[in-house]
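In the numbering used here, the protein residues as written are 197 to 789.
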Amino acid sequence: MTSTTSLSTVDLTAGAPAHSPANSGEWWRDAVIYQVYPRSFADGDGDGTGDLPGVTAKLDHLAQLGVDAVWLSPFYRSPQKDAGYDVADYRDIDPLFGTLADFDEMLAGAHERGLKVIVDLVPNHSSDQHVWFQEALAAAPGSAERERYMFRDGRGPAGDEVPNNWQSIFGGPAWTRLAPREDDGPLGPQWYLHLFDSTQPDLNWDNPEVHAEFEGVLRFWLDRGVDGFRVDVAHGMIKAAGLPDWDGQVAMVEGTVEEASEASEADPSAPEDGSTGAGNRGPMFDQDGVHDIYRAWHKVLAEYDGDRCLVAEAWVEPLSRLARYVRPDEMHQAFNFSFLTAPWDAATMRTVVNASLSTMEAVGAPTTWVLSNHDVVRHASRFGLEEIGGRQLNGIGATDPQPDAALGLHRARAATLLMLGLPGSAYMYQGEELGLPDHTALPDDVRQDPSFFRTNGAEPGRDGCRVPLPWVGGAPGNGFGPTGKTWLPQPDVYAELAADRQYGVEGSTFEMYRAALGLRRAENVGAGTLAWVDSLAEHPDVVAFRVADVVVVANLGATPFALPAGAQVLVASGELDAASGELPSDTTVWLRG
197 MTSTTSLSTV DLTAGAPAHS PANSGEWWRD AVIYQVYPRS FADGDGDGTG DLPGVTAKLD
257 HLAQLGVDAV WLSPFYRSPQ KDAGYDVADY RDIDPLFGTL ADFDEMLAGA HERGLKVIVD
317 LVPNHSSDQH VWFQEALAAA PGSAERERYM FRDGRGPAGD EVPNNWQSIF GGPAWTRLAP
377 REDDGPLGPQ WYLHLFDSTQ PDLNWDNPEV HAEFEGVLRF WLDRGVDGFR VDVAHGMIKA
437 AGLPDWDGQV AMVEGTVEEA SEASEADPSA PEDGSTGAGN RGPMFDQDGV HDIYRAWHKV
497 LAEYDGDRCL VAEAWVEPLS RLARYVRPDE MHQAFNFSFL TAPWDAATMR TVVNASLSTM
557 EAVGAPTTWV LSNHDVVRHA SRFGLEEIGG RQLNGIGATD PQPDAALGLH RARAATLLML
617 GLPGSAYMYQ GEELGLPDHT ALPDDVRQDP SFFRTNGAEP GRDGCRVPLP WVGGAPGNGF
677 GPTGKTWLPQ PDVYAELAAD RQYGVEGSTF EMYRAALGLR RAENVGAGTL AWVDSLAEHP
737 DVVAFRVADV VVVANLGATP FALPAGAQVL VASGELDAAS GELPSDTTVW LRG
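Quick look at the structure:
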């Protein structure tokens, strides 16, 4: 346990090594970006599902909070089999969320408030309702229409065996066979590949027509004024030649940690041998060809002013493999899932931070920190579990071990304050500024995540982190929309955590976030240089570093320890004992002194 030895004489200015992002003025290098999951953010028309007018109505909340940009999960026309990540038309808005005019109004409102807007792009697969896939179904095997997707003949004498043994990330085989038709070949109906749900056929990125189509999609939204794209499954698209069998397991939520000495060897000129690298997770992901796609997209964005950006959602490990996605001529940011998946442990946190900064500096990119999103258990619940990682990241069911809510929120606030004190860019997931937990007791009969159904309930799925936000505590639906309807039920605790219960309330999670974001901007923390405070290295449960003129001290242990005498407290994640001058367990503080 951490010693309670007085730290009143420690030198908070000394530290090594130092890390600093290459700040050349691009807004995305140090921005705090807020993820809006539209169906759960705010409902403008009362149908129980969030929409773009709802987002527009709550832009002042985001401006008051103090974020720099908004990232919107998919709002495209879609049958909603995977909550919009099954896109039927990449150039239109689903009526569930509004119209293109609603989008333009939302975008203009965000820009008027100084907020950048990033939109989701889903290039690995489309919906089976996309016009291209419908044309492929109507066309014969070997046709140009089928060449836009990954159609293959089956194995075995009758072609009735799957083309390979790949498994869907959502469970079950990654192949579905078409219905018989008169022009089938000698092996009968073909199969199509879907690494996710069967309604999400994978596109064939070996086809130049696919490349041209998505460059057109980029320009469509850039011409409307968006500031960038978050790229879904950015490590996908290209598959190994021949689609060889692979006996490994693929999971969406994982993370590994490299030592800084190893991570610092990431070399932008290293050979691209994708088949043998430590980060290669089978023949369907992290293939070298994806980098050619992003080099081409980088050129498209460079045609537009305003420093437009590309953000990679790439579940790639180790970090040195992830750094390849953000080399100077490719993408601009990549989510740091090694940080998101790190347990509540000071030594691991120090290793992850050090390795992340070293690895990204090697390619001239900022580090992008994240603790929660629409695919993982919220960190207010995750940090309340006895064990953090593995299945617990993918969803918590009513029969699973339940989080300690008070402990989870206490640690989540501390983790957030630690994250916002790091140089680089940071991502927030809607509602975390309210301290929202997952709904960990959702009835099975209301679940909608396809991963729940494709695994016959073995995987709880991601619905628990996607519950509609509470805006007015105690109102019908806690003020989510004018009718009180919500597409998923809210847990009882959401009433006391609603936004209106926290505005202006000293010590509330919202006000802690707002204070930290204001200080982060005022002190230029995101563009600063990190130096570890060596004088605290003897305390194994403490993470302490200086960025700009701010010293961040996080106590991840169970025992309080004394803060330096005379240091000015700028913001704290929990209550401090002024009489003892100690930093309590599971608490982070920003100091000046």
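The beta carbon of each residue, even a glycine, is placed where N, CA and C say it ideally should be.
Contact between residue 508 and residue 531 holds, with the beta-carbon distance rounding to 7 Å and staying under 8 Å. If you draw a straight line from the Cα of residue 639 to the Cα of residue 594, it comes to about 7 Å.
Counting along the chain, residue 745 sits inside no beta strand (DSSP E), nor does DSSP assign it H or E at all.
Beta-bridge pairing by DSSP links residue 288 to no other residue. For residue 330, the enclosing alpha helix (DSSP H) stretches over residues 327-334. With a beta-carbon spacing of about 7 Å, residue 263 and residue 713 fall inside the 8 Å limit used to define contacts. In the three-state scheme derived from DSSP, where H, G and I count as helix and E and B as strand, residue 735 is classed as coil. Residue burial is scored here from C-beta neighbours: residue 653 has fewer than 16 other C-beta atoms within 10 angstroms and is therefore classed as exposed. Residue environment for residue 675: buried (at least 16 other C-beta atoms within 10 angstroms of its C-beta). Contact between residue 664 and residue 673 holds, with the beta-carbon distance rounding to 7 Å and staying under 8 Å.
CA-to-CA, the gap between residue 223 and residue 503 works out to about 7 Å. Cβ-Cβ separation between residue 746 and residue 740: approximately 11 Å, too far for a contact (criterion under 8 Å). Counting of Cβ neighbours within 10 angstroms places residue 604 among the buried residues, the total reaching 16 or more.
Residue 568 and residue 609 have their C-alpha atoms some 12 Å from each other.
Restricting attention to 650, 528, 537 and 287, the CA atom closest to the CA of residue 322 is found in 287.
The beta carbon of residue 414 lies closer than 6 Å to those of 496 in the same chain, with the five residues before and after it left out. Residue 631 sits away from residue 226, with the two beta carbons spaced by 7 Å or more.
If you compare the alpha carbons of 573, 615, 511 and 622 with that of residue 598, the shortest gap goes to 573. Between the alpha carbons of residue 533 and residue 348 lies a gap of roughly 33 Å. In this structure, the alpha-carbon of residue 333 lies about 8 Å from that of residue 342. Pairing residue 345 with residue 304, the inter-Cα distance amounts to about 36 Å. Given a length threshold of 3 residues, each whole run of the beta strand (DSSP E) inside the region 540-625 is given here in chain order: 564-566 and 621-625.
Sequence-distant partners of residue 405 (beyond 5 residues in either direction) whose C-beta falls short of 7 Å from its own C-beta, in its chain, are 344. Residues of the same chain with a CB within less than 6 Å of the CB of residue 430, apart from the 5 flanking positions on each side, are 508, 509 and 510 in chain order. DSSP places residue 681 in the coil class of the three-state scheme, outside both helix and strand. Here residue 528 has 224, 505 and 506 as same chain residues with Cβ atoms under 6 Å from its own Cβ, once five neighbours each way along the sequence are excluded.
When rounded, the separation of the alpha-carbon atoms in residue 718 and residue 711 is 10 Å. Cβ neighbours of residue 500 within its own chain (closer than 7 Å, five residues either side excluded): 418. Taking each of 316, 243 and 700 in turn and checking the Cα distance to residue 292, the smallest one comes out for 243. Looking only at 362, 390 and 238, the smallest Cα-Cα distance to residue 442 is reached by 362.
The three-state reading of DSSP puts residue 726 in strand, counting E and B together.
If you draw a straight line from the Cα of residue 677 to the Cα of residue 381, it is about 53 Å long.
Given a length threshold of 4 residues, each whole run of the alpha helix (DSSP H) inside the region 630-704 is given here in chain order: 646-650 and 690-693.
In the three-state scheme derived from DSSP, where H, G and I count as helix and E and B as strand, residue 369 is classed as strand.
Here residue 312 really is in contact with residue 423; their C-beta atoms are around 4 Å apart, less than 8 Å. With a threshold of 16 other beta carbon atoms within 10 Å, residue 553 meets it and is buried.
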